[in-house]
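Here is the structure we will look at.
Protein chains in written order, with the numbering used here: chain A, 1 to 155; chain B, 156 to 783.
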């Protein structure tokens with residue numbers, strides 16, 4: 001793990017202002033920002049851990065716990081909001097039995113709310129992993145989630 | 156290879172594609188097209204072409220705008236004009252390919268129109284299609300037409316001629332062209348682009364930075380995403396022109412991580428630019444050298460603010476700084492820095508090519524040129540549009556958008572995102588320019604237009620934007636940090652029916668304080684959504700407070716669902732779908748909602764078959780029949 005983090009940092013070393021790209025690369029590779037990752041970055045970049053936490057927690061992109069196998073993101077941009085995004089989130093919470101920011105007990109799903117995926121013309125939308133589902137009004141979301149319910153049935 | 160040679164080859168390549176003997180199918184493959192399922196359509200085309208023994212080339216293009224018709228494909232047969240078809244599903248492919256490519260019937264009944272100048276009998280031009288007819292496409296001229304991954308397509312359509320022309324002038328002359336064009340920043344504030352540039356140009360420094368702000372944070376706007384996905388080189392050429400004008404040697408594109416496809420397109424485009432010596436040292440043989448790096452935003456709305464963006468580029472918390480010093484004098488690493496919006500940059504090449512006067516010929520007196528908007532919400536034809544500034548709102552909503560969806564009544568339009576406000580239907584003849592929107596209590600913003608119908612509660616919309624701003628407030632200055640929270644608490648109270656009439660004055664007074672005392676633009680505009688709705692829809696606030704009712708039937712705490720005895724057929728659909736198990740009833744017998752456990756999700760209302768229409772939604776002390 002430590003070596004993975006070190007490998008990620010290497011190309012950025014000596015480059016000014018590279019903390020955010022490093023954190024992004026770590027999250028991309030390992031799924032989240034672990035305490036170990038922060039201490040390794042602090043050591044290698046000659047920064048304090050506090051400073052790194054300060055920067056990381058400012059941005060909503062970063063997670064500090066291991067996410068589930070599938071990431072479900074409910075868009076709550078304006079267009080989605082006026083076309084029923086809140087209800088979509090409620091429904092998704094009910095189906096998965098978790099709140100945004102949480103992961104199901106079987107680690108199959110994590111739920112997040114996002115501000116806008118830029119697909120406003122197709123609102124409301126839900127994103128599972130990297131796939132965007134358009135016009136998810138009404139009970140449609142159940143079907144979408146059920147496609148991913150068994151981890152090996154990944155689309 | 157010099158540029159003339161590159162251009163000649165590019166033109167030949169583009170023309171060869173257009174007159175190709177083998178059929179070409181262009182796929183609308185921007186994020187919106189992908190969301191709507193273009194990938195499955197493409198897969199089906201590959202399958203069917205094998206089955207039918209057809210040799211077809213597939214070309215990915217960006218988004219041409221009418222997103223509500225996605226997925227879109229254009230079929231070009233033996234060099235005839237590409238025919239556009241909308242709402243294509245894999246199931247429609249086989250018949251369509253057989254009809255057109257084998258039996259020579261282009262299916263005018265399904266076609267939306269043809270691209271380009273030629274015509275096919277029975278099919279009109281795509282740009283005569285109602286949604287496209289009223290638009291003027293300068294910025295979006297290539298979107299949905301060229302393959303964004305092919306720099307040659309861009310070059311063949313006069314790409315990089317703008318920067319070539321700029322390099323033949325001195326930098327002050329370039330600034331002068333932009334001054335004549337009258338273009339103002341398309342990111343929201345509307346500051347004249349040339350003025351910003353001139354300040355930076357006049358500062359002496361070995362290093363200067365030009366940043367493209369692609370942190371399209373307004374939730375409900377996607378113009379920048381579409382432009383970057385559909386025509387990345389237009390924006391990159393704009394960066395070159397801007398950099399040359401101000402004397403910058405470093406460029407950044409600060410783009411939100413939520414736009415992975417746009418990032419991919421940009422990375423690819425940058426590598427192609429390097430290959431053609433359009434980036435790096437001595438660009439096109441001139442003395443001008445420039446490089447561009449991509450920085451991904453990490454999810455913070457406030458980073459759209461210039462000083463916050465600069466902090467973020469330097470790897471810090473994205474918190475705004477008091478100005479002066481202005482970034483044009485001291486920005487990234489203390490060096491002169493200019494930040495221009497994606498659309499501003501995307502317009503520059505065309506201005507350079509066609510001249511400042513030409514561009515100034517579009518638009519209104521104070522707002523020159525065209526502007527892209529994302530037209531969304533409760534409108535029939537949603538999508539990405541471009542119109543001359545000064546176009547009346549109603550033209551955008553009714554002529555381009557086709558009016559309000561589902562025959563509902565037009566209530567208001569929200570512009571400018573979280574920093575903007577709601578403009579009521581009565582003011583729909585308002586011209587869309589910087590000053591008019593400002594005087595109506597909203598702003599231009601980056602170009603989100605969200606249409607609201609009678610089923611939208613303006614108190615809820617104001618609350619939505621306020622909760623967004625409150626969550627995104629960086630916390631540095633107290634008027635914004637505490638003020639937005641106080642306002643949100645009051646609004647939540649009103650929405651839940653616990654408001655008092657004095658709350659309206661409290662909202663206005665806190666709003667004024669936040670407006671006057673906040674450090675940055677985010678705070679200064681934060682109360683706009685509330686102030687504008689109070690200005691035009693005060694009675695709706697009063698209904699929530701005095702009557703404890705939500706006239707639009709939106710605010711959960713003020714509505715209830717009930718099943719009408721005379722209409723319920725006992726089909727049981729609502730009972731099966733109710734997530735809270737709040738509905739009981741035997742088959743073919745009346746069903747009843749247990750109000751104490753109902754979570755008011757509205758599923759029963761949505762799933763009750765329309766032939767019964769047995770679930771009703773009511774509010775306050777009144778009947779649903781009552782005319783608010």
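Glycine residues also receive a C-beta, built at the ideal position from the N, C-alpha and C atoms.
Asked: Residue 160 of chain B, DSSP secondary structure in three states; Found: helix
Asked: Interface flag, residue 616 of chain B vs chain A, CB-CB below 8 Å; Found: yes
Asked: Three-state class that DSSP yields for residue 189 of chain B in the structure shown; Found: helix
Asked: Length-filtered (3 minimum) beta strand (DSSP E) runs lying within the segment 423 to 498 of chain B; Found: 446 to 452 and 492 to 496
Asked: Spatial distance of residue 383 of chain B from residue 369 of chain B (CA atoms); Found: 9 Å
Asked: For residue 301 of chain B, three-class secondary structure by DSSP; Found: coil
Asked: Cutoff 7 Å; reference residue 152 of chain B; Cβ partners in own chain excluding five residues on either side; Found: Missing from the structure shown is residue 152 of chain B; chain B here goes from 156 to 783 and no further.
Asked: Neighbourhood of residue 88 of chain A by C-beta distance below 7 Å, restricted to the same chain and skipping five residues each side; Found: 74, 124, 126, 136 and 141
Asked: Members of the segment 458 to 488 of chain B that neighbour chain A once the beta carbon cut-off is set at 9 Å; Found: 458, 467, 468, 469, 470, 471, 472, 473, 474, 487 and 488
Asked: Contact set between the segment 407 to 429 of chain B and chain A, restricted to residues whose Cβ is under 8 Å from the partner; Found: 412, 413, 414 and 415
Asked: Contact list for residue 91 of chain A against chain B, beta-carbon separation under 8 Å; Found: 734, 756 and 758
Asked: Chain-order list of residues whose beta-carbon lies under 7 Å from that of residue 49 of chain A (same chain, five-residue window excluded); Found: 38, 39 and 42
Asked: Helix, strand or coil at residue 746 of chain B [DSSP, three-state]; Found: coil
Asked: Residues within the segment 628 to 641 of chain B neighbouring chain A, beta-carbon criterion of under 7 Å; Found: none
Asked: Local Cβ density within 10 Å of residue 346 of chain B, reported as buried at 16 or more and exposed below that; Found: exposed
Asked: Near-chain B residues of the segment 78 to 103 of chain A - C-beta to any C-beta below 7 Å; Found: 78, 79, 81, 82, 87, 90, 91 and 94
Asked: Per-residue burial, residue 581 of chain B [other beta carbons within 10 Å of its own, 16 or more giving buried]; Found: exposed
Asked: Residue range of the unbroken alpha helix (DSSP H) whose run includes residue 21 of chain A; Found: 19 to 30
Asked: Contact list for residue 16 of chain A against chain B, beta-carbon separation under 9 Å; Found: 469, 470 and 488
Asked: Neighbouring residues, chain B, relative to residue 59 of chain A (Cβ below 9 Å); Found: 452, 453, 454, 455, 458, 467, 472 and 473
Asked: Bridge-paired residues (DSSP) for residue 339 of chain B; Found: B:347
Asked: Residue 274 of chain B burial status per 10 Å Cβ neighbour count (16 or more: buried); Found: exposed
Asked: 7 Å Cβ cut-off: residues of chain A touching residue 187 of chain B; Found: 119, 121 and 122
Asked: Between the CA atoms of residue 184 of chain B and residue 388 of chain B - distance to the nearest angstrom; Found: 17 Å
Asked: Contact set between the segment 377 to 389 of chain B and chain A, restricted to residues whose Cβ is under 7 Å from the partner; Found: 377 and 380
Asked: Interfacial residues, the segment 601 to 612 of chain B to chain A, with Cβ spacing under 8 Å; Found: 603, 605, 607 and 611
Asked: Residue-level contact to chain A via CB, residue 223 of chain B, 8 Å cutoff; Found: yes
Asked: Three-pair Cβ contact test at 8 Å for the segment 448 to 459 of chain B versus the segment 409 to 422 of chain B; Found: yes
Asked: Residue 56 of chain A versus residue 120 of chain A: straight-line alpha-carbon distance, rounded; Found: 28 Å
Asked: For residue 167 of chain B, the three-state DSSP class (helix, strand or coil); Found: helix
Asked: Residue from B:607, B:709 and B:336 with nearest C-alpha to residue 650 of chain B; Found: B:709
Asked: Inter-stretch contact at 8 Å, needing at least 3 Cβ pairs: the segment 429 to 448 of chain B / the segment 475 to 490 of chain B; Found: no
Asked: Run of the alpha helix (DSSP H) containing residue 694 of chain B, from where it starts to where it stops; Found: 693 to 700
Asked: The segment 297 to 305 of chain B contacting the segment 492 to 505 of chain B, beta-carbon criterion three pairs below 8 Å; Found: no
Asked: Under 9 Å by beta carbon: chain B residues contacting residue 125 of chain A; Found: 190
Asked: Cross-chain neighbours of residue 196 of chain B in chain C, by beta carbon under 7 Å; Found: Of the protein chains in the structure, A and B, none is chain C.
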